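Inspection log for the structure reproduced underneath, given as C-alpha cells.
Numbering (the numbering used here), first residue to last: -8 to 384.
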C-alpha cells in the first residue's frame, strides 16, 4: 500500500512541472525555430542576400546567443536569472513585431536582439527540467522536455506551411506573436534552482561528462546547423519547387524527430553508447545520400532518416550531462553546453554558405557526412571506456 501510494504521489508531483515544461517549451521553441529558419529565406527573397550573407545573418543570431549563454547566464544568481528570463521572453515578442517592419539593415539588429533573448531562455529551460530530486523523475522530465522540443518543431513548420501562402514572409512573424505571448504568460512559474549552492566557472568546465557532450552533440548539430539555414534554399534550387512545398520538408524531418523522442520518453534508456553509435551511423549515411536523391520525394525520405538522430542525440546528450553533473553545477554545465551549440551555429552556416558558393551544395553534404564520422570516432576514442558518461552507476 505504501509503495503504491508513493508511486501515485511521485506521478502526481510530475504533473504540474511537466505541464509547465511542455507549455513554455512548445511555444518558445516553435517561435525560435520559425525565426531562425525563416529569417534566412526572408532575407534572401526580400532583400536579395547572397548565400554568404544568409550564413552571416544566421551566424550573428547565434553569436549573440552564445554571448548571452556563456557570459551572462552562468554569472547571474538564480533570482536575477529568473527576472532576466521573463524579460527575455517579452523581448522575443517585440522582435517578432520588429521583423514585420524590418528592412535589409534593420534585420541584422533584430537578429542580434532575438539571439540574446533565446540565449537566456533555453539553458534555463533544460535546467528546470533536470531539477527533480528523484532520478527516474528527472530522466522522465528531461525526456518530456525533449519531446516538447520535437512537438514544437512539428507544430511550427505545419503552421508556417499553412499560413505562408496567405500572409507571406513578413506576415508569418506576426502570425506567431500570439504563440510567443503564451510563453510570456507561463514564464513566471518556471522553476529555478536555489541560488545559494550554485557552482560556476572553471570547476564546471573541467567536467568530463560536459566535455563528452560537446563531441556527442557535434555529431548531429554540425549538419543540423547547416540544415536549419539552407534546407529550404537547397530544396528550391535543386528541385525547382515553391517555397511552401520546400518548407514542408521540415514537417517530415521534425515529425520523424518527434516520433523518436516520444519513443525515448516511453522507453527510457539506461545505456547511452549503443544508441549514440546507431544514431551517428544513420546521420553519416543519410547526409551522404542527400546529393543522390533524384526527386524531392526521395529527398523527403532522406529527411525522415535524418530526423531519427535529430530526435535521439540531443536527449541522450542532456541525459549524459544530468548523470555526470551535480545539481549545483547543472545550470553552468547546461549554459556552457548551449554556448558550445551556439558556436556551431555561428561557424557552420557561414562555412557552409561559403563552400556552397565554391563547390556547390552536393559536395557540402558529403563533407557534413564525414564530419559526423570524425566526431563519433573522437567521442569513442577519448571517452568510450568511461562508464559514468554512458551508463548510470
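Virtual Cβ for every residue (Gly too), placed ideally from N, Cα, C.
In this text the structure is predicted, and so the values were computed from the model without any measurement.
Which whole-angstrom value describes the C-beta separation of residue i and residue j, a residue pair presumed to lie in contact below a C-beta threshold of 8 Å?
| i | j | result |
| --- | --- | --- |
| residue 216 | residue 305 | Contact doesn't hold; Cβ gap of about 13 Å is too wide. |
| residue 344 | residue 145 | At roughly 27 Å, the Cβ-Cβ gap does not stay under 8 Å, so residue 344 and residue 145 are not in contact. |
| residue 168 | residue 87 | 5 Å |
| residue 283 | residue 230 | About 13 Å separates the two Cβ atoms, so there is no contact after all. |
| residue 172 | residue 14 | So it is not a contact: roughly 12 Å between Cβ atoms. |
| residue 232 | residue 287 | 6 Å |
| residue 380 | residue 311 | 6 Å |
| residue 329 | residue 240 | Actually they are not in contact, since the Cβ atoms of residue 329 and residue 240 sit about 26 Å apart, beyond 8 Å. |
| residue 137 | residue 255 | 7 Å |
| residue 347 | residue 42 | 5 Å |
| residue 220 | residue 155 | Wrong, their Cβ atoms sit about 17 Å apart, outside the cutoff. |
| residue 55 | residue 110 | 7 Å |
| residue 19 | residue 174 | 4 Å |
With a 10 Å radius around its C-beta and 16 neighbouring C-beta atoms as the bar for buried, classify residue i as buried or exposed.
| i | result |
| --- | --- |
| residue 48 | buried |
| residue 7 | exposed |
| residue 308 | buried |
| residue 388 | Because the chain in this structure spans residues -8 to 384, residue 388 falls outside the shown range and cannot be described. |
| residue 372 | exposed |
| residue 65 | buried |
| residue 10 | exposed |
| residue 362 | buried |
| residue -5 | Residue confidence for residue -5 is low, a pLDDT of 46 falling below 50, so the modelled location carries little weight and cannot support an answer. |
| residue 208 | buried |
| residue 349 | exposed |
| residue 50 | buried |
| residue 197 | exposed |
| residue 94 | exposed |
| residue 227 | buried |
| residue -3 | In this predicted model, residue -3 has a pLDDT of only 47, less than 50, meaning its place in the structure is not dependable; the value taken from the coordinates is given anyway. By the neighbour-count rule (16 or more Cβ atoms within 10 Å), residue -3 is not buried but exposed. |
| residue 376 | exposed |
| residue 0 | Residue placement at residue 0 is poorly supported in this model, since its pLDDT is 46, which falls under 50; the coordinates still yield a value, given next. When all chains shown are included, residue 0 counts as exposed. |
| residue 114 | buried |
| residue 341 | buried |
| residue 321 | buried |
| residue 134 | buried |
| residue 96 | exposed |
| residue 374 | buried |
| residue 17 | buried |
| residue 180 | exposed |
In the DSSP assignment, the alpha helix (DSSP H) including residue i goes from what residue to what residue?
| i | result |
| --- | --- |
| residue 316 | Looking at the DSSP string, residue 316 is not in any alpha helix (DSSP H), and its letter there is neither H nor E. |
| residue 87 | 69 to 91 |
| residue 377 | Segment: none, residue 377 is in no alpha helix (DSSP H) and carries neither H nor E. |
| residue 103 | 97 to 120 |
| residue 175 | 168 to 177 |
| residue 274 | 264 to 280 |
Is the closest heavy atom of the ligand SAH to the C-beta of residue i under 6 Å?
| i | result |
| --- | --- |
| residue 317 | Absent from the structure shown: the ligand SAH. Ligands present: none. |
**Report entry** Entirely enclosed alpha helix (DSSP H) segments - the segment 8 to 58, minimum 4 residues
**Finding:** 42 to 58
Query raised in the report: Unbroken alpha helix (DSSP H) runs of length 4 or more, entirely within the segment 216 to 261: which are they?
Result: 234 to 257
Report task. Give, in chain order, every unbroken run of the beta strand (DSSP E) that is at least 3 residues long and sits entirely within the segment 331 to 367. Result -> none
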